[in-house]
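Here is the structure we will look at.
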Amino acid sequence: MTNGETVHKYDIMELTLEGPREGNPFRDVWLRARCTQGDRQVMVAGFYDGDGVYRVRFMPDAEGPWEVVAESTAPALDGQRHTFTCGPAKPGVHGPVRVHDTYHFAFADGTPYYPVGTTCYAWLHQPMELQERTLESLRGAPFNKLRMTVFPKHYIYNHNEPPLYPFARSQEGENDYTQPNVAFFRHLEQRIGQLGELGIEVDLILWHPYDRWGYVRMDHADDLHYLRYIVARLAAYRNVWWSLANEYDFTLGWKTMGHWDAFFQELALRDPYGHLRSIHNGDLNANYDHTKPWVTHVCIQNPFVHECKAWRRAYGKPVINDECEYEGNVPMPWGNISAQELVHRFWVMAANGCYAGHGETYLNPEEELWWSKGGDLRGESWLRLAFLREVLETLPGGLTPLEKEWVWSRVAGGACGDFRLLYFGPHQPAAWGFGLPKDTPYRVDWIDTWEMTCKTLPETFLNAAEIPLPGKPYMAARIRPVG
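So the sequence shown is residues 3 to 485, counted in this note's numbering.
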C-alpha cells in the first residue's frame, strides 16, 4: 500500500518491502515493525514471502493516523517508514473475539458472540473443487466458527496427499523445515480471509497426531520457528483463534507437557492482538490444565455434556465442547450419533451457559466426510443448530447455569438476570415450577428444538407456582421479563 492510505478498523495494513534473497531469509533475516499512534506502540513481526519480498501485517484497532517503522538486521529493510489512517470498521465487522464476562465471548467492540461451530479438519488439503464446495456449503450454514488443521491429516476416510505441502519437500519426501512453502501459506491465508468474509472464526489447529509426513515430530527449535512464522503471517487476521493441538495427549510420545506449555507461552508473547488460545484432548481423562494463565478458554472433547457445569466450575473460563461426538453412521462410536442426539447435546451445553461443536460423519462412496474433508452437509442437525443460534442471539447476555434449583441431571437451565432458558431434553413435563423468576412479571415461549417452532403463551406470569408446558420431549422454555 502507499503512504497516507486509509485502512478500515480491524482490517489489515500490509507493508511490502524488497530485501535480501541470498542465504535463507526465512531464518537469517530478522524483521519487525513498530506501529505507533500517539504514545501507544504495537510491535508486530514481519516475515519473508519469497522472491526477495518481505511483509509486515498490522490490524489497527483505533481510528486515526498511524506510523509504521520497520526494524531489521537487513539494512535494506531497517528504518523503512510508512503512514496510514485507520478509518471506521466496515459494516458488520466487530473485531476479534475476546473472553467476556468470565464464561462467555464478545467481539472487541462489545457485540456478543455465541459460538456455533463445526469441524472440517483437513478441508484445506483437498482438491480445489471440493474446497470451493465446502465454502459454498458454509455460506448457507449457521456456523460462525470452524475447526481446521494447518497440517494435512492421515486418518480413516482421509488418506489422500495434499495439493500443497507446508514446507519444501524433496522428491524422496524429506521435509526442509527451514523453508516454509509460501504457496501453501498464501493459500491458507486466502481461505482464512474467505471464511472471515462469511463471518466465520477460524479455530486453527497448529499440530495434531494423525501425521504420516513428520510435522508432529519436528524438533523444538523447528517447532518454534514454525510457530513464529505462522503468527507473523496470520495474527493480523481478526478471525483467527489458536488451537495448539487436536488430541494433544496422543502426541506425548514426541512432545512433552513442557513443550505444550512453551508453545502457549510463545503464542502469548508473540501475538500482539491476544487472539484466543486453547488445546484439545483425546482421552476423556487427559484434559490439559486449562487453569494455566496462557489458556483463554476450555476446548474439550467429551460426550457427557451434562458435566459441563463441573468443567465451568473447575476451570473458571468459557467452555466449548468442540467434540461431543458427531452426527453420522461410521462404525466408530464417536461418529454415529443421531441428528436429534447432537442437537440435544448442543441445547444441554447452551442452557448451562456453555457451548458445543458440530461434526458430520456420513459414509459415502467418495469418502467425503464433512468432519474431515468438507464438501456437502448431508445431515439434519445443522438446520436445527441454525435455529438454536437464533435463540442464543436473543439472549440479553451470557447464561449462568441454574445450580441450586436443579437436581435432575438431564434437565438444563441458565439465567441472565430474570431471563431464563430452560431445556428439558427427553423429559416431557406438562408443567414446571423450578428456577422461575420471583417478583418479576414475565412471558413464556414454548420452543420445539427439533421442529424449530416458537409459541408465545398469551398470559403474563408473576410468582407463579408453575408454568404450563406442552408435555413433549426435547422442548425448551424461554422466559422473558415483561418490558
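Positions of the beta carbon are idealized from the N, C-alpha and C atoms, including for glycine.
This structure is a prediction, so every number in the text was calculated from the model and none was measured.
What residue does the beta strand (DSSP E) around residue i start on, and which one ends it?
i: HIS106; result: 106 to 109
i: THR120; result: 119 to 121
i: HIS10; result: 7 to 10
i: GLY415; result: 414 to 418
i: TYR116; result: Unbroken run through TYR116: none, as it is neither H nor E.
i: TRP296; result: It is not in any beta strand (DSSP E) - TRP296 carries neither H nor E in the DSSP assignment.
i: LYS311; result: First-last for LYS311: 310 to 317, but that is the alpha helix (DSSP H), not the beta strand (DSSP E).
i: ARG219; result: Where ARG219 is concerned, there is no enclosing beta strand (DSSP E), given that its DSSP letter is neither H nor E.
i: PHE421; result: 421 to 425
i: ILE339; result: No beta strand (DSSP E) holds ILE339; DSSP gives it neither H nor E.
i: ASP205; result: 203 to 209
i: PHE60; result: 55 to 60
i: LEU17; result: 15 to 20
i: ASP324; result: 321 to 325
i: HIS102; result: 99 to 102
i: ARG171; result: 169 to 171
Figure out for me which residue from the options has the closest Cα to the Cα of residue i.
i: ALA432; options: LEU401, ARG391, LEU394 and PRO475; result: PRO475
i: ALA2; options: PRO62, ALA64, THR85 and GLU370; result: The displayed coordinates of the chain run from 3 to 485. Any statement about residue 2 would go beyond what the structure contains.
i: ARG235; options: ILE481, PHE28, PRO472 and GLY473; result: PHE28
i: ASN5; options: ASN287, ASP41, ARG83 and GLY142; result: ARG83
i: THR151; options: THR293, ILE194 and ALA185; result: ILE194
i: GLU20; options: LEU365, GLY40, LEU200 and GLY54; result: GLY54
i: GLU176; options: TYR12, MET220 and ALA185; result: MET220
i: THR402; options: GLY415, GLU395 and GLU392; result: GLY415
i: GLN196; options: GLU362, ASP51, PHE266 and TYR239; result: TYR239
i: ASP213; options: HIS127, PHE187 and THR293; result: HIS127
i: PHE187; options: ALA479, PHE153, GLU325 and HIS106; result: PHE153
i: THR104; options: THR298, GLU368, LEU371 and ASN366; result: THR298
i: PRO274; options: VAL233, HIS102 and LYS294; result: VAL233
i: GLY201; options: LEU397, LEU140, PHE348 and VAL332; result: LEU140
i: GLN430; options: CYS310, ILE449, HIS161 and ARG135; result: ILE449
i: LEU478; options: TRP434, ALA316, ALA467 and HIS210; result: It is worth fixing the name first, because residue 478 is Ala in this sequence and not Leu. That would be TRP434, whose Cα lies nearest to the Cα of ALA478.
i: ALA316; options: VAL300, ASP30 and GLU325; result: VAL300
i: ALA124; options: ASN248, TRP313, TRP68 and GLY216; result: ASN248
i: GLU468; options: PHE436, GLY276 and ILE481; result: PHE436
i: GLY377; options: MET15, LEU137, THR113 and LYS11; result: LEU137
i: CYS310; options: PHE348, ASP285 and LYS294; result: PHE348
i: ARG135; options: ASN146, PHE107 and CYS122; result: CYS122
i: TYR290; options: GLY260, HIS189 and HIS277; result: GLY260
i: PHE266; options: LYS294, PHE252, LEU286 and GLY255; result: LYS294
Is residue j closer than 9 Å to residue i when the C-beta atoms are compared?
i: ALA264; j: LEU226; result: yes
i: LEU459; j: PRO470; result: yes
i: GLU329; j: SER374; result: no
i: GLY119; j: PHE109; result: no
i: ALA64; j: VAL46; result: no
i: ILE281; j: SER245; result: yes
i: TYR159; j: THR462; result: no
i: VAL350; j: VAL321; result: no
i: GLY499; j: GLY427; result: The structure shown has nothing for residue 499, since the chain only spans 3 to 485.
i: LYS11; j: GLY94; result: no
i: ASN26; j: GLN192; result: no
Under the assumption that residue i contacts residue j (Cβ atoms under 8 Å), give the Cβ distance between them as a whole number of angstroms.
i: ALA353; j: TYR250; result: No, ALA353 and TYR250 are not in contact; Cβ-Cβ is about 29 Å, not under 8 Å.
i: ASN183; j: PRO168; result: 6 Å
i: TYR231; j: PHE49; result: 6 Å
i: ALA358; j: ASN323; result: 5 Å
i: LEU271; j: ARG279; result: With a Cβ gap of about 11 Å, LEU271 and ARG279 do not count as contacting.
i: PRO483; j: ASP420; result: 4 Å
i: GLY66; j: THR38; result: At roughly 11 Å, the Cβ-Cβ gap does not stay under 8 Å, so GLY66 and THR38 are not in contact.
i: TYR116; j: GLU395; result: 6 Å
i: LEU2; j: GLU325; result: Residue 2 lies beyond the range of the chain shown here (3 to 485); nothing can be said about it.
i: LEU344; j: ALA143; result: Incorrect: roughly 14 Å between the Cβ atoms, too far for contact.
Under the DSSP definition of a beta bridge, which residues are partnered with residue i?
i: MET351; result: BP columns for MET351 are empty, so no partner.
i: VAL70; result: CYS37 and HIS84
i: PRO458; result: The residue asked about is misnamed: residue 458 is Thr in this sequence, not Pro. BP columns for THR458 point to ASP447.
i: ALA47; result: ARG34
i: ASN248; result: According to DSSP, which records beta bridges pairwise, ASN248 is partnered with nothing at all.
i: GLU369; result: GLU369 pairs with nothing; no bridge assigned.
i: HIS360; result: THR120
i: PRO154; result: Paired residues: none, contrary to the question.
i: ARG235; result: Answer is none; ARG235 lacks a bridge partner.
i: PRO483; result: TYR444
i: LYS147; result: GLY119 and GLU203
Kindly indicate the opening and closing residues of the alpha helix (DSSP H) around residue i.
i: ASP30; result: 27 to 30
i: HIS189; result: 184 to 199
i: THR136; result: 130 to 141
i: LYS375; result: 372 to 375
i: ASP263; result: 259 to 272
i: LEU464; result: Where LEU464 is concerned, there is no enclosing alpha helix (DSSP H), given that its DSSP letter is neither H nor E.
i: VAL300; result: Not the alpha helix (DSSP H): VAL300 falls in the beta strand (DSSP E), residues 300 to 303.
i: ALA388; result: 383 to 394
Can you find a heavy atom of the ligand COA that lies under 8 Å from the Cβ of residue i?
i: TYR425; result: What this structure holds is no ligand at all, so the ligand COA is not there to describe.
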